[in-house]
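Protein chains in written order, with my numbering: chain A, 9 to 448; chain B, 6 to 257.
Ideal Cβ placement from N, Cα and C applies to all residues, glycine included.
Since the structure is predicted, the reported quantities are computational estimates derived from the model, not experimental observations.
The structure under discussion appears below in the form of structure tokens.
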Ligand SMILES: Nc1ncnc2c1ncn2[C@@H]1O[C@H](COP(=O)(O)OP(=O)(O)O)[C@@H](O)[C@H]1O
Ligand SMILES: [Mg+2]
């Protein structure tokens, strides 16, 4: 009898055209990795009986028929993807259409010698041993959605900063679905390695047209070297039929700093899961997430922070706005291991509910095995405060304008922390547009 | 300008205003004094239209209109301004952005051209200098982390920019040191005008040394129990509310 902890999911759909082989097929280590991924993914999708997926149901995703991801060829896609949210920024840009790197839309420019950026499919062809070294230990550990990524990643990219490399311009990764009428799934694998003392801003953007359902299942695998800094901006504005299930994992060496600035506005269902592991002392991780959902959208932020070593600091601030019957989820787990003395961890989740039918489920989970630590969490959810509305209206602002200012301020506080000014401006515009009525 | 007759108001079913009468003519400055808990802020809130208060009897007429039938913003757009005893913090909303939105809402209501960013900056610069407000404060989130004095001066800046016909100042003097008190008093006096009326709510007589009122009223137990000229404030100062038999317990 099948376990009730999984939802059966035939992926790719049976009867889909026989797929061409995925890039790198025939490499023994890669075949083994994919076989393992396929074996695990054949179990299906996690159901709401699984603790980690208690509040987010993937049942509607399991009903969709997706073709094999190898069938998508970026260069063969005739329609131009619409302009991207971050197109006006400077710096190297990789564009993935339907999960495949499109050289037509990407531009790397003149990268400094200490920075290396390459596509995964091309890397598998040119430098399989190099890729094996980077991807080799990235087995999915039984994580049900990562297993799909391991089995079916058709492309992705590798960003490597040499020790001491400092890049002022951000590196942009744009994932977009070409307009189409058939369901489409892709599983990009992104590998980011920052050498000792290097510094980088990475902008990840997931866009897609309204229309046929898409499922994007990216896995972003990050290692921040000793004393290195990564500022990771992610904007997710996929169309109203989209499913987005992302896993971002980052391992931080001593004195490293990782900042995540997420803004999630799109998709019918989006799950942003972040796993942080502290490997060296004195490291610091700042996770800031913003979510805005309306209609029947569902947005899930799940974080796991593993304080495996002493003297590290983690800060999480997740703030969102939910309207109509939108549903939000925040699950924040902080594990402080026995040796991880002097850990400083703080977590905050705040949600503005603009409609009586909007809901947020917040689940903090602190697992603390060390005794000399500072750890705390807090959560609030409610309507905009009556006192704030009254104050603004008493100055002549109508109710709509007053609410708009309060919501803009609420989200604006979060975006203030984005260090890269042009990126921050793009995010602010998106927030303003959402408040003005746009879905994404 | 403002006529309040037999005003009864409750909050959570508890009677707070119990038959209050007040008549303020154009060009006048009235002081309303009273012990803590006598209903001063409630009076201010009911005039401004805050939720949570139920008017069970009586009327408030402003410029010939029934105030109680108007929305909060309508009252404001028609020239009613309340300087809050406890100005509200609005996280993430820049003070300058808020001020511009409020001033332009008023201009739009009057059928005037809205200010652009440059025009507005010039206007604010002139007004804020007199109140000792620096540019840094304008760039901070509205009232967030402001000291008590900064909050009160910010209220005065809003009043100066919005140029109301009826200003109600709820304990704008409380929590101010003597220098700040002087600045705020100068700000109030600068706005005294034949076409404007003010109701200055205060617990102490101190502000009234600088802003000399045309009339003084004593509020106790939710009613005006005495009215007089500015000398009534001095009498209160020397004898105290107790001297008038008006300690909060006695008044209730
Ligand atoms: N929203 C409310 N709900 C219940 N009681 C209130 C409310 N607002 C004021 N009160 C009560 O009404 C009385 C008058 O309060 P207030 O108007 O603030 O007095 P003052 O400003 O003169 O100190 C106090 O006893 C206060 O506790
Ligand atoms: Mg009061």
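Test item: CB-CB of residue i and residue j under 8 Å
| i | j | result |
| --- | --- | --- |
| residue 183 (chain A) | residue 77 (chain A) | no |
| residue 279 (chain A) | residue 305 (chain A) | no |
| residue 174 (chain B) | residue 221 (chain B) | no |
| residue 211 (chain B) | residue 178 (chain B) | yes |
| residue 128 (chain A) | residue 197 (chain A) | yes |
| residue 426 (chain A) | residue 269 (chain A) | yes |
| residue 35 (chain B) | residue 24 (chain B) | no |
| residue 404 (chain A) | residue 110 (chain B) | yes |
| residue 293 (chain A) | residue 255 (chain A) | no |
| residue 298 (chain A) | residue 271 (chain A) | yes |
| residue 342 (chain A) | residue 328 (chain A) | no |
| residue 204 (chain A) | residue 235 (chain A) | yes |
| residue 224 (chain A) | residue 170 (chain A) | no |
| residue 420 (chain A) | residue 97 (chain B) | yes |
| residue 136 (chain B) | residue 162 (chain B) | yes |
| residue 90 (chain B) | residue 46 (chain B) | yes |
| residue 50 (chain B) | residue 6 (chain B) | no |
| residue 230 (chain A) | residue 100 (chain A) | no |
| residue 243 (chain A) | residue 438 (chain A) | yes |
| residue 194 (chain A) | residue 80 (chain A) | yes |
| residue 162 (chain A) | residue 112 (chain A) | no |
| residue 70 (chain A) | residue 53 (chain A) | yes |
Residue i CB to nearest heavy atom of ligand 1 below 7 Å
| i | result |
| --- | --- |
| residue 30 (chain B) | no |
| residue 45 (chain B) | yes |
| residue 19 (chain B) | yes |
| residue 180 (chain B) | no |
| residue 57 (chain B) | yes |
| residue 159 (chain B) | no |
| residue 39 (chain B) | yes |
| residue 188 (chain A) | no |
| residue 36 (chain B) | no |
| residue 226 (chain B) | no |
| residue 42 (chain B) | yes |
| residue 218 (chain A) | no |
| residue 16 (chain B) | yes |
Range of the contiguous beta strand (DSSP E) that encloses residue i
| i | result |
| --- | --- |
| residue 191 (chain A) | Careful: residue 191 (chain A) lies outside any beta strand (DSSP E) and carries neither H nor E. |
| residue 311 (chain A) | 306-315 |
| residue 326 (chain A) | 321-330 |
| residue 381 (chain A) | Per DSSP, residue 381 (chain A) belongs to no beta strand (DSSP E) and is neither H nor E. |
| residue 369 (chain A) | 367-376 |
| residue 341 (chain A) | 335-344 |
| residue 175 (chain B) | 171-175 |
| residue 298 (chain A) | 292-301 |
| residue 357 (chain A) | 352-361 |
Beta-bridge pairing of residue i - partner residues as DSSP gives them
| i | result |
| --- | --- |
| residue 281 (chain A) | A:255, A:310 |
| residue 223 (chain A) | A:193, A:251 |
| residue 146 (chain B) | B:99 |
Contact test: residue i Cβ vs ligand 2 heavy atom, cutoff 7 Å
| i | result |
| --- | --- |
| residue 314 (chain A) | no |
| residue 395 (chain A) | no |
| residue 151 (chain A) | no |
| residue 176 (chain B) | yes |
Element boundaries [alpha helix (DSSP H), containing residue i]
| i | result |
| --- | --- |
| residue 20 (chain B) | Not the alpha helix (DSSP H): residue 20 (chain B) falls in the beta strand (DSSP E), residues 19-29. |
| residue 114 (chain B) | 100-114 |
| residue 399 (chain A) | 394-401 |
| residue 237 (chain A) | It is not in any alpha helix (DSSP H) - residue 237 (chain A) instead sits in the beta strand (DSSP E) that spans 237-245. |
| residue 439 (chain A) | 429-444 |
| residue 69 (chain A) | 67-70 |
| residue 414 (chain A) | 407-423 |
| residue 161 (chain B) | 153-167 |
| residue 34 (chain B) | Here residue 34 (chain B) belongs to no alpha helix (DSSP H); instead the beta strand (DSSP E) covers 34-38. |
| residue 94 (chain A) | Taken as a continuous stretch (DSSP letters only), residue 94 (chain A) belongs to no alpha helix (DSSP H), as it is neither H nor E. |
| residue 132 (chain A) | 128-134 |
| residue 7 (chain B) | Looking at the DSSP string, residue 7 (chain B) is not in any alpha helix (DSSP H); the run it does join, the beta strand (DSSP E), is 7-16. |
Residue i: contacting residues in chain E (beta-carbon distance under 7 Å)
| i | result |
| --- | --- |
| residue 55 (chain B) | No chain E appears in the structure shown, which is made up of the protein chains A and B. |
Contact test: residue i Cβ vs ligand 4 heavy atom, cutoff 7 Å
| i | result |
| --- | --- |
| residue 90 (chain B) | Although ligand 4 was asked about, the structure shown includes only ligand 1 and ligand 2 as ligands. |
field: alpha helix (DSSP H) segments (min. 4 residues) lying fully within the stretch 182-248 of chain B
entry: Listed in chain order, the complete alpha helix (DSSP H) runs (minimum 4 residues) inside the stretch 182-248 of chain B are 183-196, 236-248.
field: Length at least 3, wholly inside the stretch 41-71 of chain B: the beta strand (DSSP E) runs in chain order
entry: Unbroken beta strand (DSSP E) stretches of 3 residues or longer found wholly inside the stretch 41-71 of chain B: 59-67, given in chain order.
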